[in-house]
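Note that the numbering used here has the sequence shown beginning at 3, numbered continuously upward.
Let me begin by presenting the structure, written as structure tokens, before commenting on it.
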Amino acid sequence: MLGTAAERQGRSERSGSYSGSVSVNASCVVELERRLPWGVERTEVVVDGRGRPLYSISRSPGAVITSRWVPMVKGSCSAEQLDGLVLSQQAGLSWQGKAWVPNAVVQREQWRSGSVEGIALMSTNGMGETVRYSGTLKLAPSSCWGELQERDSQGNGYRYRALVVNGHKRSGARGYFYLQRDPDDLTVGWLVRD
Numbered sequence: 003m004l005g006t007a008a009e010r011q012g013r014s015e016r017s018g019s020y021s022g023s024v025s026v027n028a029s030c031v032v033e034l035e036r037r038l039p040w041g042v043e044r045t046e047v048v049v050d051g052r053g054r055p056l057y058s059i060s061r062s063p064g065a066v067i068t069s070r071w072v073p074m075v076k077g078s079c080s081a082e083q084l085d086g087l088v089l090s091q092q093a094g095l096s097w098q099g100k101a102w103v104p105n106a107v108v109q110r111e112q113w114r115s116g117s118v119e120g121i122a123l124m125s126t127n128g129m130g131e132t133v134r135y136s137g138t139l140k141l142a143p144s145s146c147w148g149e150l151q152e153r154d155s156q157g158n159g160y161r162y163r164a165l166v167v168n169g170h171k172r173s174g175a176r177g178y179f180y181l182q183r184d185p186d187d188l189t190v191g192w193l194v195r196d
């Protein structure tokens with residue numbers, strides 16, 4: 003197994019390539035071991051009736067992380083694969099004063115050739131807000147990883163590490179994951195193409 007991982011912990015972020023091993027135990031649970039630049043991570047994955055990974059939980063000491071697995075077609079991606087309507091809902095954390103407070107966001111985006119315009123309905127620590135935003139996605143050459151930069155109607159800038167999830171070539175991408183890179187906002191999103 004080979005891959006790339008990106009993660010945030012508080013205000014710090016890191017990413018790197020990994021190699022690893024896969025095994026299946028007697029309970030039909032897939033066991034993954036990833037050797038990352040910062041250490042070894044162990045994960046257990048449950049599979050559906052057709053043997054496809056669906057949900058996982060970290061088994062690394064000190065980690066409390068569950069994941070949802072999404073199938074992805076092999077090959078490189080293009081930003082144009084996101085063209086059309088993209089919707090999402092996610093929850094995260096924002097740094098206010100001296101503490102992390104909860105945030106939640108639902109988004110409706112319109113994509114065209116790597117540019118996005120959208121509306122975000124947000125709640126941060128129970129205070130609601132609605133903003134419009136626009137941005138640009140730049141993918142690394144021959145990759146599905148890229149950088150998404152956005153600016154909202156109030157002039158605030160946002161940066162994300164993004165992963166476009168390939169669908170079938172005729173139908174475009176399934177959507178994209180993002181990991182927010184702004185030190186005072188910590189959100190992981192799965193944005194689904196309609």
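Even for Gly, the Cβ is constructed at its ideal location relative to N, Cα and C.
Because the structure is a prediction, the values reported are computed rather than measured.
Helix, strand or coil at residue i [DSSP, three-state]
i           : result
residue 164 : strand
residue 83  : helix
residue 39  : coil
residue 106 : strand
residue 196 : coil
residue 19  : strand
residue 143 : coil
residue 28  : coil
residue 75  : coil
residue 159 : strand
residue 125 : strand
residue 177 : strand
residue 172 : coil
residue 130 : strand
Nearest candidate by alpha-carbon position, reference residue i, set the options
i           : options               : result
residue 46  : 69, 124 and 185       : 69
residue 12  : 95, 99 and 123        : 95
residue 136 : 112, 80 and 53        : 112
residue 63  : 41, 80, 54 and 14     : 41
residue 87  : 105, 146, 172 and 109 : 109
residue 74  : 180, 48, 146 and 152  : 146
residue 44  : 33, 54 and 50         : 33
residue 183 : 8, 4 and 93           : 8
residue 120 : 132, 126 and 127      : 132
residue 196 : 4, 128 and 84         : 84
residue 144 : 105, 129 and 81       : 81
residue 115 : 19, 20, 51 and 141    : 141
Residues sharing a beta bridge with residue i, DSSP
i           : result
residue 186 : Note: residue 186 sits in no beta bridge, so no partner.
residue 94  : 105 and 189
residue 198 : The structure shown has nothing for residue 198, since the chain only spans 3 to 196.
residue 11  : 14
residue 70  : 57
residue 136 : 119 and 153
residue 114 : 117
residue 5   : 20
residue 148 : 141 and 164
Cβ-based burial, residue i [other Cβ within 10 Å; buried from 16]
i           : result
residue 27  : exposed
residue 158 : exposed
residue 57  : exposed
residue 167 : buried
residue 54  : exposed
residue 163 : buried
residue 24  : exposed
Cβ distance (whole Å) where residue i is taken to contact residue j below 8 angstroms
i           : j           : result
residue 161 : residue 169 : Actually they are not in contact, since the Cβ atoms of residue 161 and residue 169 sit about 25 angstroms apart, beyond 8 angstroms.
residue 151 : residue 138 : 6 angstroms
residue 190 : residue 89  : About 16 angstroms separates the two Cβ atoms, so there is no contact after all.
residue 127 : residue 103 : 4 angstroms
residue 51  : residue 37  : With a Cβ gap of about 31 angstroms, residue 51 and residue 37 do not count as contacting.
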